[in-house]
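Just so we're aligned: the sequence shown equals residues 13 to 189 in this note's numbering.
Notes follow the structure.
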Amino acid sequence: YWVNEKGEHPNPFTTITLNDVNEGKWKPIYNEEDAITYITKLEAIGGTHMIWTDHCVFGTTGFAIYQPLIDEILQWSLLENKVLNYYLKGDGEKYEEHSCIRPEIDMDNEYMDSGARFFSLINDDIDRIIITGEAEDVCVKHSIKHIINLRPDLTSKLVVLRDFMNPVDVSQEGKDK
Numbered sequence: 013y014w015v016n017e018k019g020e021h022p023n024p025f026t027t028i029t030l031n032d033v034n035e036g037k038w039k040p041i042y043n044e045e046d047a048i049t050y051i052t053k054l055e056a057i058g059g060t061h062m063i064w065t066d067h068c069v070f071g072t073t074g075f076a077i078y079q080p081l082i083d084e085i086l087q088w089s090l091l092e093n094k095v096l097n098y099y100l101k102g103d104g105e106k107y108e109e110h111s112c113i114r115p116e117i118d119m120d121n122e123y124m125d126s127g128a129r130f131f132s133l134i135n136d137d138i139d140r141i142i143i144t145g146e147a148e149d150v151c152v153k154h155s156i157k158h159i160i161n162l163r164p165d166l167t168s169k170l171v172v173l174r175d176f177m178n179p180v181d182v183s184q185e186g187k188d189k
């Protein structure tokens, strides 16, 4: 999405700031106006635009749920006669989606807020909501924040399954967020 004056893409974990864009250090390949608007809005709320490594790419094994975990979930859904719903994230080209509920920055209400819609419909019959993910200090953290902001009444029902998580910032490993 981004290139420097030599046409090189940034390395993973590079932070791109509005100042970098204004100084010509990084330039979007397409959607230039949207990219600048996104970074401007993100910085206005104290966020930063980080370049991540390719991960969870649709159609790859990195996209799939860990096989032993999905086997248990599917068995539970059959034994308990419960429906298993999947919600995708990360398919917007104008914004990043760390949270499974919604993007951090709303770009003209164009995101599909299926996660937010799902959590707004949860009724009192639900006794717990299990949350897990790969990036404890990024995606999981943002998801929990958005769930609590959307439905503070669900806070006591959240169970964070940390067995499969790791922080992106390894200096945070083992610290409670």
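We treat Cβ as the ideally placed atom computed from N, Cα and C, and that holds for glycine.
Residue span of the beta strand (DSSP E) that contains V33, given as start and end: Your numbering for residue 33 matches position 21 in the sequence shown. Per DSSP, V33 belongs to no beta strand (DSSP E); it is in the alpha helix (DSSP H), L30 to N34.
Inter-residue spacing [alpha-carbon to alpha-carbon] between F70 and V95: Within the sequence shown, the letter at position 58 stands for residue 70. Within the sequence shown, the letter at position 83 stands for residue 95. Spanning the two alpha carbons is a distance of roughly 23 angstroms.
Through-space distance from N16 to N178, alpha-carbon basis: The residue given as residue 178 occupies position 166 in the sequence shown. The residue given as residue 16 occupies position 4 in the sequence shown. Roughly 31 angstroms between the two C-alpha positions.
Pick from I77, L86 and T52 that is closest to Y107, judged by C-alpha positions: Position 95 of the sequence shown, counted from the first residue, corresponds to residue 107. Per the Cα distances, T52.
Residues near P115 by beta carbon distance below 7 angstroms, same chain, minus five either side: Working through the sequence shown from its first residue, we reach residue 115 at position 103. Its chain contains G104, Y107, E108, E109 and Y123 as the residues whose beta carbon lies nearer than 7 angstroms to that of P115, once the 5 sequence neighbours on both sides are disregarded; these appear in chain order.
Length of the line joining the Cα atoms of T29 and D46: Within the sequence shown, the letter at position 17 stands for residue 29. Within the sequence shown, the letter at position 34 stands for residue 46. Roughly 14 angstroms separates the two Cα atoms.
Extent of the continuous beta strand (DSSP E) run through I141: Here residue 141 refers to the residue found at position 129 of the sequence shown. Note, I141: beta strand (DSSP E), I141 to I143.
Sheet register partners of L170 (DSSP bridge): The residue labelled residue 170 in the question sits at position 158 within the sequence shown. Paired residues: I141.
Element boundaries [alpha helix (DSSP H), containing S89]: The residue labelled residue 89 in the question sits at position 77 within the sequence shown. Start and end: Q79 to L91.
CA-to-CA distance, I134 to I63, given in whole angstroms: Indexing the sequence shown from 1 puts residue 63 at position 51. Indexing the sequence shown from 1 puts residue 134 at position 122. Between the alpha carbons of I63 and I134 lies a gap of roughly 34 angstroms.
Helix, strand or coil at K157 [DSSP, three-state]: One-based indexing of the sequence shown puts residue 157 at position 145. Looking at K157 - three-state DSSP - the assignment turns out to be helix.
Cα-Cα separation between A56 and L100, rounded to whole angstroms: Indexing the sequence shown from 1 puts residue 56 at position 44. Indexing the sequence shown from 1 puts residue 100 at position 88. Answer to the nearest angstrom: the Cα atoms are 27 angstroms apart.
Option in I141, K157, V180 and D136 with minimal Cα separation from A147: Numbered from 1 along the sequence shown, position 135 holds the residue referred to as residue 147. With distances taken between Cα atoms, A147 lies closest to V180.
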